[in-house]
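Participant: First residue of the sequence shown: 1185, per my numbering; consecutive thereafter.
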Amino acid sequence: MANTNLNTATLYVVATPIGNLADMVPRAVETLQTVDIIAAEDTRHSARLLEHFHITTPMLAYHDHSDERQLQRLVERLLSGQRVALIADAGTPLVSDPGFRLVRAARRAGIAVVPIPGPCALIAALSAAGLPSDRFAFEGFLPARAGQRRGRLETLAAEDRTLIFYEAPHRLAACLDDMAAVFGGGREAVLARELTKAYETIRAGSLRELQQFVGADGNQQRGEIVLLVRAAAGAERQVSAETERVMGVLLAELSVRQAASLGAKITGVKKNLLYQWALGRSG
Ligand code: SAM
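Structure representation (structure tokens):
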């Protein structure tokens, strides 16, 4: 197995499914089966995952708010040569989940830290949202209090990258109201709910439309939610008027890929930027 030396102290940062157990990658199973210990956000929750994959490795609870001694004990285990895997309740550890302090402490102690990549809700949502994906900003959870939430949104109103948020279902309606008030109801957004699960819903529309959609169907205010918001109009990085003209001519005759490739040779602008620009234009 690549990058997994059975005899060397290593901290493995292991992604696990965000709902659909079939998304567990084989390397994650193999790693969890072979490490000395698994540090889990919630051992009771993760016991079900381990049982499903017949993993009998012992677990201990780890949280970034755990006391300093627990962090030190894990680092000592690593320094004594043990191999430790870190998992969260779902998805990729450290992404709105514990692990930052442990990874940092391990690296500072000179211990190898190896990622075992896999599911991550924000990336899954972005990959299917149809919003510009060349540049994006992940904002995690917005503050729960309305005043603070609006304050944070105001700082993001002119952001020139696609914005990605995690949101709790009981705050979704209030969050959409605040986004519409601060960004304007016409701003394009995507609600990505229950990804990889039975009731997966990916709904694109203006913030106003999403407010109506969620208001009319209480089921939309359940489950796990990622919200994506398009960059402010005019803020996204644009190509020059001349490049737009050249691309317009090329796109009339060629596929997006061919036009981007030829357009890059003519204008000197990066092919990928032209490709993304052309995709955004046709959307
Ligand atoms: N570490 C996780 C990851 O890699 O995505 C995120 C953990 S964070 C504590 C939990 C939040 O992630 C949820 O409240 C929701 O916003 C988002 N999330 C997790 N699973 C999801 C899913 N299946 N569909 C939509 N959003 C999800």
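In this text, a Cβ means the ideal position worked out from N, Cα and C, and glycines have one as well.
1) Do residue 1296 and residue 1200 have their C-beta atoms closer together than 8 Å?
2) List in chain order: all unbroken beta strand (DSSP E) runs of 3+ residues lying wholly within the stretch 1326-1408.
3) Looking at residue 1232 and the ligand SAM, is the gap between the Cβ and the nearest heavy atom below 7 Å?
4) In whole angstroms, give me the CA-to-CA distance for residue 1318 and residue 1460.
5) Between 1250, 1314 and 1269, which lies nearest to residue 1374 when the distance is taken from Cα to Cα?
6) Could you name the residues that DSSP lists as bridge partners for residue 1416?
7) Would you kindly work out how many angstroms separate the C-alpha atoms of residue 1335 and residue 1379, rounded to a whole number?
8) Tell me whether the stretch 1272-1281 and the stretch 1298-1307 touch, counting them as touching only if at least three CB pairs, one residue from each stretch, are closer than 8 Å.
9) Is there contact between the stretch 1389-1396 and the stretch 1349-1368, where contact requires at least three CB pairs shorter than 8 Å?
10) Looking only at its own chain, which residues have a Cβ that is under 6 Å from the Cβ of residue 1377, when we skip the five neighbours before and after it?
11) Under a three-way DSSP split, which group does residue 1304 fall into?
12) Considering only the beta carbon of each residue, do residue 1239 and residue 1216 sit closer than 8 Å?
13) Along the chain, where does the alpha helix (DSSP H) that runs through residue 1431 open and close?
14) At a cut-off of 7 Å, would you count residue 1274 as near the ligand SAM, judging by its Cβ distance to the nearest heavy atom?
15) Residue 1383: buried (16+ other C-beta within 10 angstroms of its C-beta) or exposed?
16) Return the chain-ordered list of same chain residues with a C-beta closer than 7 Å to the C-beta of residue 1265, the five sequence neighbours on each side being excluded.
17) Does residue 1194 come out as helix, strand or coil in the three-state DSSP assignment?
18) Check whether the Cβ of residue 1376 sits closer than 7 Å to any heavy atom of the ligand SAM, and report yes or no.
19) If you drop the 5 nearest sequence neighbours on each side, which residues of the same chain put their C-beta closer than 8 Å to that of residue 1309?
20) If we count the other Cβ atoms within 10 Å of its Cβ and call it buried at 16 or more, is residue 1433 buried or exposed?
Facilitator: From the atom records:
1) In the sequence shown, counting from the first residue as 1, residue 1296 sits at position 112. In the sequence shown, counting from the first residue as 1, residue 1200 sits at position 16. Cβ atoms of residue 1296 and residue 1200: not closer than 8 Å.
2) 1346-1351, 1372-1377 and 1385-1390
3) As a working mapping, residue 1232 is identified with position 48 in the sequence shown. Incorrect: residue 1232 has no Cβ contact closer than 7 Å to the ligand SAM.
4) Reading the sequence shown from its first residue, position 134 is the one you call residue 1318. Reading the sequence shown from its first residue, position 276 is the one you call residue 1460. Their Cα atoms are separated by approximately 7 Å.
5) Along the sequence shown, read from residue 1 onward, the residue named residue 1374 stands at position 190. Answer by Cα proximity: 1314.
6) Here the question's residue 1416 lines up with position 232 in the sequence shown. Answer by DSSP bridge pairing: none, since residue 1416 is not bridged.
7) Stepping through the sequence shown from its first residue, residue 1335 is reached at position 151. Stepping through the sequence shown from its first residue, residue 1379 is reached at position 195. Residue 1335 and residue 1379: Cα-Cα distance of roughly 29 Å.
8) Yes, they touch.
9) With a cut-off of 8 Å, the stretch 1349-1368 and the stretch 1389-1396 count as touching, because enough Cβ pairs lie within range.
10) By 1-based counting over the sequence shown, the position of residue 1377 is 193. Here the set comprises 1385, 1407 and 1409.
11) Indexing the sequence shown from 1 puts residue 1304 at position 120. Reduced to three states, the DSSP call for residue 1304 is coil.
12) Here residue 1239 corresponds to residue number 55 of the sequence shown, with the count starting at 1. Here residue 1216 corresponds to residue number 32 of the sequence shown, with the count starting at 1. It is a contact, given that the beta carbons lie within the stated cut-off.
13) By one-based count along the sequence shown, residue 1431 stands at place 247. Segment 1425-1437, the alpha helix (DSSP H) holding residue 1431.
14) As a first step, residue 1274 must be located in the sequence shown, where it is residue number 90. Indeed, a heavy atom of the ligand SAM lies less than 7 Å from the Cβ.
15) Against the sequence shown, residue 1383 aligns to sequence position 199. When all chains shown are included, residue 1383 counts as exposed.
16) Translated into positions along the sequence shown, residue 1265 becomes position 81. Taken in chain order, the residues that qualify are 1193.
17) Along the sequence shown, read from residue 1 onward, the residue named residue 1194 stands at position 10. Looking at residue 1194 - three-state DSSP - the assignment turns out to be strand.
18) Translated into positions along the sequence shown, residue 1376 becomes position 192. Yes, the Cβ of residue 1376 comes within 7 Å of a heavy atom of the ligand SAM.
19) Taking the first residue of the sequence shown as position 1, residue 1309 is located at position 125. Within the same chain, residue 1309 has close Cβ partners 1348, 1374, 1376, 1379, 1386, 1410 and 1412.
20) Along the sequence shown, read from residue 1 onward, the residue named residue 1433 stands at position 249. Label assigned to residue 1433: exposed.
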